[in-house]
Every structure is written in structure tokens, then in C-alpha cells.
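With the working numbering, you'll find the sequence shown wraps up at 353, consecutive numbering, no jumps.
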Amino acid sequence: MSHISRRGTRRSTERSASMIDPLPPAPQAGEVDYSVRSEQMSVPTHPMDGRSTYQNFASGISLHATDAIEMADIQSRVTLQPGLSLLLLLEGAVDATIEGTAITCSARRGPVGRIISVTRPTTLLRNSARGRYVRKVTLSIPLSWFEEHGGEDPESSLSHELAAFLRVQNAMRDWEPSTGAVRSAEDLLARSADANVLTSIACERDMLNMLADALSGFRDEAQRPMPRHLRSRDVVRAQTARELILRSLDDGLHLPDIASQTGMSVSTLQRVFRDCYGQTVMEFARVRRLEMARELLDREGLSVGEVAQRAGYSSPANFATAFHREFGYPPSQVKERARRAALSDGERV
5 MSHISRRGTR
15 RSTERSASMI
25 DPLPPAPQAG
35 EVDYSVRSEQ
45 MSVPTHPMDG
55 RSTYQNFASG
65 ISLHATDAIE
75 MADIQSRVTL
85 QPGLSLLLLL
95 EGAVDATIEG
105 TAITCSARRG
115 PVGRIISVTR
125 PTTLLRNSAR
135 GRYVRKVTLS
145 IPLSWFEEHG
155 GEDPESSLSH
165 ELAAFLRVQN
175 AMRDWEPSTG
185 AVRSAEDLLA
195 RSADANVLTS
205 IACERDMLNM
215 LADALSGFRD
225 EAQRPMPRHL
235 RSRDVVRAQT
245 ARELILRSLD
255 DGLHLPDIAS
265 QTGMSVSTLQ
275 RVFRDCYGQT
285 VMEFARVRRL
295 EMARELLDRE
305 GLSVGEVAQR
315 AGYSSPANFA
325 TAFHREFGYP
335 PSQVKERARR
345 AALSDGERV
């Protein structure tokens with residue numbers, strides 16, 4: 005077997021069809037080694053056909069987002085720094101090892117997650133497979149981030165289980181990502197790597213949402229008490245209002261209708277709903293309609309105009325403006341991503 009080595013430098017920029025795809029990225033910039041694993045094959049000009057983005061953020065968390073087809077059988081090597089690596093695999097598969105311990109997972113039956121902890125600089129080997137389409141998001145959270153947030157203190161507000169996990173070399177744990185975490189990963193993939201303040205803020209929000217979802221499995225069993233001013237009756241009525249809204253996204257419900265069906269005045273509904281969910285009723289409904297619209301664009305193949313109408317907008321332009329303001333990218337980008345995924349599926353058949 006012939007081995008042809010190459011060396012590439014990772015940068016905090018988006019590179020189209022040119023970056024070897026290490027998993028997970030080290031939180032500090034460094035060099036990635038890789039070699040071809042197939043007989044009589046040279047390294048292609050573009051080892052990946054698609055988009056791979058690596059970014060560092062002010063919080064200390066690093067993001068590696070990949071939406072690409074692997075163009076060769078390549079083994080990549082990257083050094084992980086002490087801390088936590090969080091993988092959310094949306095499509096494709098991952099085949100990697102850390103010090104002989106296998107990290108293999110497939111998204112054949114839906115998105116999957118994996119949490120990995122290392123306590124010292126550690127080499128990860130990842131095997132790419134020619135023709136494999138991979139969509140994934142990986143977060144690298146340095147140990148210092150957890151130290152600042154109390155994660156290394158067994159008596160801290162974080163769970164004892166998490167503190168213990170962070171002290172184990174090559175500790176691994178499966179994670180079943182929630183719908184919200186998957187949505188955040190999709191948003192991170194859709195955004196560009198442009199140095200835009202609002203985009204960076206949105207990325208930080210989505211990364212923290214993913215992290216909170218992954219770490220929720222480490223929580224202690226004791227339930228946190230609800231705020232004293234929230235009565236159980238108010239919580240039930242707010243939950244009822246929420247379900248009414250979710251069932252009526254296509255038709256739309258007015259505030260008086262929701263208040264009437266939940267046995268509250270409009271003012272009481274607004275107060276109780278905000279106390280429970282941190283949003284007004286109309287804000288909650290607006291965001292849910294936009295999320296429904298994004299799902300229709302991605303999964304149903306509807307046009308932007310059709311989706312705008314379903315979401316209750318008077319014109320596609322108004323819808324596109326609201327969509328971009330909420331998610332940080334235009335609805336046309338969702339359509340393009342869905343088109344590329346469909347083409348890739350057709351090529352694999």
C-alpha cells in the first residue's frame with residue numbers, strides 16, 4: 005500500500021472543497037497530517053467537495069461544521085486539547101480512533117451525538133471514505149471554560165457526574181440530541197464564516213444551546229424548585245396555550261381565542277405565558293411559524309412563495325426578511341442545501 009503524506013494548516017475561515025476534515029477540531033490552530041489509504045491513489049486536488057468551516061469564538065468554544073462529500077480514502081490526524089468535544093452527526097458516518105479507542109457512529113436512523121473528554125493533548129485519527137456525504141457539527145470546549153463555570157469543582161452547581169467525566173482521559177458518552185439541538189446544528193451549518201457581529205452572536209447562541217442539551221444528561225436527579233410566583237395552575241394553563249398555538253400554526257389563533265380556551269383574560273394569558281416561557285404569546289407563535297417554514301423548505305420541497313403563504317406572510321419579501329432576521333441566513337440557502345443533499349442522494353443510489 006502506498007502512502008502519500010500531505011500537511012495542511014487549519015484556519016478560522018471557511019474553505020470550499022479544499023479542507024481535510026478532522027474530528028473534532030483542536031481549539032488552537034495547528035497542523036493536520038493526512039495520508040491516502042487506497043492502493044494507487046494520489047491525493048486529490050480537493051479532498052472534500054463542499055463546505056467545511058472552522059472558527060474560534062470569544063467564549064473559548066471552537067466550531068467545526070462540515071457539509072461535504074469526501075473525495076478520497078484519507079486518514080487525518082489532529083491533536084485534541086484538554087476539554088470536551090461535542091459531535092452532532094446529521095448525515096453520514098464517522099470512523100475515528102483516540103489512542104486505540106474506536107469512535108464510530110452513523111446517522112442512518114437520524115441525528116446522533118457523541119461526547120468525548122480528554123485530559124491531556126491527545127491524537128485523534130479519522131478515516132474518510134471516498135464518496136461519503138457527511139453533515140456534522142463539532143464543538144470543542146476547553147477545560148478552562150469549565151473551570152470558569154465551576155465544572156471542575158465537585159461542590160459546584162454543576163453535577164458531580166459531569167465533574168467526574170471531565171477528569172477521565174478518553175471518556176466517551178452517547179448523546180441523543182433534542183429537536184432544538186438538531187435545529188441549532190442546522191443553523192450553524194447554514195451560516196457562513198463571515199466576520200459579522202450578529203452572525204457571531206447567533207452562532208454563540210446555537211453552540212450554547214447544543215452544549216446545554218448535551219450536558220443535560222449529567223444533571224443531578226434533584227429537581228430545581230420553580231419560581232415562587234408561578235402557581236401550578238398557571239403552569240398548566242400556559243402549557244395548554246402553548247399546545248393550542250402549536251396545533252394552529254397553519255390556521256392561526258388570535259389572543260382572545262387562546263385566552264378564552266384557557267380560561268384567562270388576555271392580560272393574564274400574556275403574563276402567565278411570559279413567566280413560563282420568557283416570550284410573549286405572539287413572539288412564540290412567530291418563531292414557531294418560521295421554524296415550521298424552515299422545515300417545509302428543507303423537507304417538503306415547497307417554493308419560498310408557498311412557504312411564505314403557509315407561514316402567514318403577505319409577501320415572499322416580508323417572509324425572507326423575517327426569516328433572515330431570525331436565523332441569520334435567507335430561506336434560499338435552505339432550498340439550496342436541500343437541493344445539494346437530494347443530488348448527493350441520487351448519486352449514491
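Glycine included, every Cβ here is placed at the ideal spot set by N, Cα and C.
- A check of alpha carbon separations from Q243 across F288, T105, A175 identifies F288 as the nearest.
- According to the DSSP assignment, L219 belongs to the alpha helix (DSSP H) that extends over 201-219.
- Counted as a single uninterrupted DSSP element, the beta strand (DSSP E) harbouring G87 occupies residues 87-95.
- In terms of Cβ geometry, D77 and R134 form a close pair [threshold 7 Å].
- The Cβ-Cβ distance between L166 and F222 falls below 7 Å.
- Excluding residues up to 5 positions away in sequence, L92, L94, P115 lie with their Cβ nearer than 8 Å to the Cβ of V186 in the same chain.
- From the listed residues A168, L193, A111, L128, the smallest Cα separation to E180 is found for A111.
- Setting aside the 5 residues that flank it on each side, P260 is surrounded in the same chain by V270, each with a C-beta closer than 7 Å to its C-beta; the list follows chain order.
- V116 is bridged by DSSP to L93.
- If you look at R81, you'll find it in the beta strand (DSSP E) that goes 78-84.
- With a beta-carbon spacing of about 23 Å, I65 and M52 fall beyond the 8 Å limit used to define contacts.
- Short of 8 Å from the beta carbon of V308, and not among the five residues preceding or following it, lie these beta carbons of its own chain, in chain order: L301, P320, F323, A324, P335, S336, K339.
- At the C-beta level, I119 and L84 stay beyond 7 Å of one another.
- Membership of I73 in the beta strand (DSSP E) is indicated by the continuous run 66-74.
- L88 and E310 have their C-alpha atoms roughly 42 Å apart.
- Counting along the chain, L248 sits inside no beta strand (DSSP E); it lies in the alpha helix (DSSP H) bounded by residues 236-251.
- In the DSSP assignment, Y281 falls within the alpha helix (DSSP H) that extends over 270-281.
- Your pair D191 and G332 checks out as a contact, with CB atoms roughly 7 Å apart and the cut at 8 Å.
- When the five nearest sequence neighbours on each side are left out, the beta carbons in the same chain lying within less than 6 Å of the beta carbon of I145 are those of I65, G87, L88, in order along the chain.
- Setting aside the 5 residues that flank it on each side, Q274 is surrounded in the same chain by L259, T284, V285, each with a C-beta closer than 8 Å to its C-beta; the list follows chain order.
- Looking at the backbone, the Cα of T70 and that of W149 are separated by about 24 Å.
- The alpha-carbon of G184 is positioned some 14 Å away from that of V141.
- Membership of L143 in the beta strand (DSSP E) is indicated by the continuous run 137-146.
- For T284, there is no enclosing alpha helix (DSSP H), since its DSSP letter is neither H nor E.
- Here DSSP, grouped into helix, strand and coil, assigns D302 to helix.
- Under the 10 Å beta carbon count, A326 is surrounded by 16 or more other beta carbons and is classified as buried.
- G316 and R293 have their C-alpha atoms roughly 8 Å apart.
- Per DSSP, R130 is one residue of the beta strand (DSSP E) stretching across 126-131.
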